[in-house]
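For the record, in the first sequence the residue sitting at position 408 is 409 according to the working numbering, with numbers rising by one throughout.
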Amino acid sequence: MSHVADRTTVTRFAPSPSGNLHVGGARTALFCYAFAKGHDGRFVLRIEDTDQKRSSEAAGLGFLADLDWLGLHWDEGPVFTCQDGRSVGGGEHGPYFQSERLATYDAAIDRLIAEGKAYLAFDTPEELDAARQAARAEKRAFRYDGAAARALSDADRERLRAEGRPCVVRFASPQRDIVIRDEILGEATLPAGEVDDFVIRKADGFPTYHFAVVLDDAAMQVTHVLRAQEHFNNTAKHLLLQEALGLPHPTYAHLPIIFNPDGSKMSKRDKDKALREAAKTAGLEKSPDGPDGSPIVDEKAYARWLGDKTVQLPGEAATAMAAALGVALPEIDVEDFRRSGYLPEVLVNFLALNGWSPGDDLEKFDLAFLCQRFALDRVVKTPARFDRAKLLAFNLDAIQQMDEATFLARLLDHGRRYHPGFIARLGEERMAALAAASHARSKTLDEPYVGNAFLVADDESISWPPDKAIDKALRKGEPNGLANLAACVPALQAIDEHAWNVATLERVLETFVAERELGNIGKVAQPLRVAVSGGTVSPPIFDTLEMLGRTSCLRRIERCLAAFEHSNVATS
RNA sequence: GGCCCCUUCGUCUAGUCUGGUCCAGGACACCACCCUUUCAAGGUGGGUACACGGGUUCAAAUCCCGUAGGGGUCACCA
């Protein structure tokens with residue numbers, strides 16, 4: 002039992018290719034990265050694509066961009082061009098896709114077979130299923146009984162193979178207590194019998210996770226395995242395999258799992274779950290139409306998705322479906338938070354706080370600090386619920402810390418990616434004005450876009466839906482909002498196009514309020530806001546009016562007054 | 001159900017190893033008030049936790065035992 006010592010610290014993040022990186026994975030990657038960097042070590046990224054079905058279906062390496070966005074760049078792994086143009090990845094221990102390392106696994110498996118440490122097994126999936134169900138019925142844990150398969154003679158095996166019977170390779174697990182040493186959880190002993198003769202090579206010739214992970218960690222000189230706690234029990238298998246193969250044991254540390262706010266395990270399937278529930282509640286028989294007018298998914302796919310909890314909708318289809326059903330998708334992927342306007346440095350900070358803390362009541366820190374201070378002995382053992390409200394508060398703080406120019410630049414960056422039409426429509430100059438007017442009140446980079454859609458809407462498309470708050474602004478009081486609105490129009494009309502700015506508007510409207518003895522600028526500000534935006538929320542009124550421009554403001558006020566003309570008779 | 005692990009405010013956590021400085025600290029959320037042209041933001045103040053039961057000890061959130069609760073895992077997925 003050799004131990005890894007006096008070597009460069011190497012950690013690895015080893016996800017399966019499943020499209021987007023979710024926050025749990027991101028936190029694991031973050032800790033792996035911080036640990037390696039804090040020890041002047043290397044951070045390796047390896048793609049665990051040994052499940053042919055999954056890899057071909059879900060696929061995608063979208064999470065590489067997510068890691069890049071978070072600033073978690075790998076020293077070794079798939080070659081990738083970052084946003085800033087530089088290239089990361091590569092390395093001398095590749096390839097970094099397990100599907101390209103089959104020869105290595107086969108050689109090792111053959112060796113184990115030759116040494117009598119592994120054997121061919123011909124059980125069919127049906128037989129195994131039956132045995133599993135029987136065990137469950139007896140409330141027993143299922144353990145594969147290798148007696149029969151082990152008893153097979155070489156001649157028997159050759160005959161079965163010649164018949165073309167599919168077979169797997171199973172590891173002949175030594176039956177004894179296994180002690181797992183974990184830097185976070187401490188020491189645990191798994192009693193003999195807990196680890197059965199598990200499969201190391203599947204019928205399709207691919208190795209299982211357990212086998213590939215052990216061989217690759219050794220090949221890539223990984224010294225510290227940081228992974229989610231759900232892998233804890235698997236460690237026993239890995240320890241046994243390492244011994245059989247004569248490989249060193251890396252140090253293990255199992256990270257607490259991240260949960261949803263309601264305490265359920267956070268899963269990539271949560272989005273589909275939310276959508277499926279909404280679809281069922283709405284009683285939808287077939288897929289709703291997407292933005293292009295055709296069904297989002299065809300009838301067959303829809304039925305399959307609705308009936309099978311494990312089927313996931315592709316990202317875009319899920320987004321379209323959410324829009325069609327009017328459901329807010331839970332944010333669980335890094336990309337979701339990016340789209341929602343969270344800052345990567347804030348996500349990094351907050352993610353680190355789920356499961357770790359530097360102590361000293363310190364909560365705000367950056368990636369460099371984390372690298373410097375991160376240590377396994379301060380990782381908590383208990384699962385954490387992901388508190389979006391606190392994340393949002395952190396994001397607001399970070400945004401408020403920015404100077405004006407930085408905020409504008411970041412806002413534009415975000416908009417170019419998610420709201421290109423908005424930027425094109427508003428133009429650079431007014432974008433700057435919008436940034437200034439929204440800075441203090443923006444919790445995310447997305448809010449200014451979403452909350453101010455009226456700025457780029459067509460004047461003729463503004464409407465005033467029945468709404469208590471709108472009604473209050475327009476019709477309550479004496480004189481009411483509509484009356485004040487109508488009364489201030491001449492004053493506004495008197496302002497020149499080129500003088501239509503915050504200073505002038507403020508002076509003119511304050512004069513108006515004083516002359517009419519309305520007492521409070523709100524008496525006219527709120528009706529104006531409603532008239533001009535179709536809602537009761539906007540940036541400060543003078544900024545709003547300036548950004549919109551004289552023509553649009555006057556036209557919208559005119560339309561608003563017209564829209565309420567009749568209903569106004571009674572109260573004016 | 002078997003096995004393994006965990007248990008401090010609503011949430012994330014500090015404190016636990018090295019019992020006393022903790023009638024338990026911070027943050028977010030919440031409540032109240034202030035400010036206010038909307039929504040926010042901001043300001044001030046406030047309530048809320050050592051799962052339970054036994055020990056050990058002069059002294060326990062901290063050590064021991066038990067109970068309850070929670071989680072993970074039991075795949076030819078990772």
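Note that the Cβ used here is the ideal one computed from N, Cα and C, for glycine as well.
As the structure is a prediction and not an experimental result, all values here were calculated from the model.
Query: Candidates P528, R8, K54, G63: closest to I100 by CA position; Result: The displayed chain sequence assigns Ser, not Ile, to residue 100. Minimum Cα distance to S100 is reached at K54.
Query: Residue closest to A390, alpha-carbon to alpha-carbon, out of K444, T383, V514, D362; Result: K444
Query: CA-to-CA distance, D76 to K38, given in whole angstroms; Result: 10 Å
Query: Cα-Cα separation between P480 and Q402, rounded to whole angstroms; Result: 42 Å
Query: Proximity of P296 and K287 at Cβ, strictly below 8 Å; Result: yes
Query: Closest Cα partner of V525 within the set T552, C561, G482, C83; Result: G482
Query: H232 - DSSP class collapsed to helix/strand/coil; Result: helix
Query: Cβ separation of M267 and I201, assumed to be a contact under 8 Å, to the nearest whole Å; Result: Actually they are not in contact, since the Cβ atoms of M267 and I201 sit about 30 Å apart, beyond 8 Å.
Query: Same chain, Cβ closer than 6 Å to L161, neighbours up to 5 away in sequence not counted; Result: F123
Query: Same chain, Cβ closer than 8 Å to T320, five either side skipped, listed in chain order; Result: L330
Query: Continuous alpha helix (DSSP H) stretch holding H415: start and end; Result: 405–419
Query: Touching by the beta-carbon criterion (3+ pairs, under 8 Å), the region 348–356 and the region 219–235; Result: no
Query: CA-to-CA distance, M221 to E93, given in whole angstroms; Result: 9 Å
Query: Paired residues, beta bridge with G187 - DSSP; Result: D183
Query: When P292, L46, L377 are compared against H97, the one with the closest alpha-carbon; Result: Rather than His, the amino acid found at residue 97 in this sequence is Tyr. Checking every option, the nearest Cα to that of Y97 belongs to L46.
Query: CA-to-CA distance, G26 to P18, given in whole angstroms; Result: 12 Å
Query: Cβ pair count under 8 Å reaching 3, the region 142–157 against the region 115–129; Result: yes
Query: When V328, W465, G520 are compared against R560, the one with the closest alpha-carbon; Result: W465
Query: Secondary structure of H499, DSSP reduced to three states; Result: helix
Query: Residues sharing a beta bridge with H23, DSSP; Result: D334
Query: Separation of R87 from P541, as counted between CA atoms; Result: 42 Å
Query: Distance, L73 Cα to G42 Cα; Result: 14 Å
Query: Cβ-based burial, Q494 [other Cβ within 10 Å; buried from 16]; Result: exposed
Query: One or two residues paired with H255 in a DSSP bridge; Result: R228
Query: Limits of the alpha helix (DSSP H) - the one that Y120 falls within; Result: Per DSSP, Y120 belongs to no alpha helix (DSSP H); it is in the beta strand (DSSP E), 119–122.
Query: When R270, G187, D178 are compared against N261, the one with the closest alpha-carbon; Result: R270
Query: Local conformation of L73 per DSSP, three classes; Result: coil
Query: For A385, the residue or residues it bridges with in DSSP; Result: I259
Query: Those runs of the alpha helix (DSSP H) which lie wholly inside the region 133–186 and span at least 4 residues; Result: 148–152, 155–163
Query: Assigned exposure category for M2 - 16 Cβ within 10 Å defines buried; Result: Residue confidence for M2 is low, a pLDDT of 42 falling below 50, so the modelled location carries little weight and cannot support an answer.
Query: Closest residue to V531 among F455, L506, E516, V170 (Cα-Cα distance); Result: F455
Query: Closest Cα partner of L276 within the set P421, P289, I558; Result: P289
Query: Touch test, the region 340–349 against the region 357–364, Cβ-Cβ under 8 Å, three pairs minimum; Result: no
Query: Beta-ladder partner(s) of G78, from DSSP; Result: G91
Query: Reduced DSSP secondary structure (H/G/I, E/B, other) of R426; Result: helix
Query: Same chain only: Cβ atoms within 7 Å of R1, ignoring 5 sequence neighbours per side; Result: With the chain covering only 2 through 573, there is no way to say anything about residue 1.
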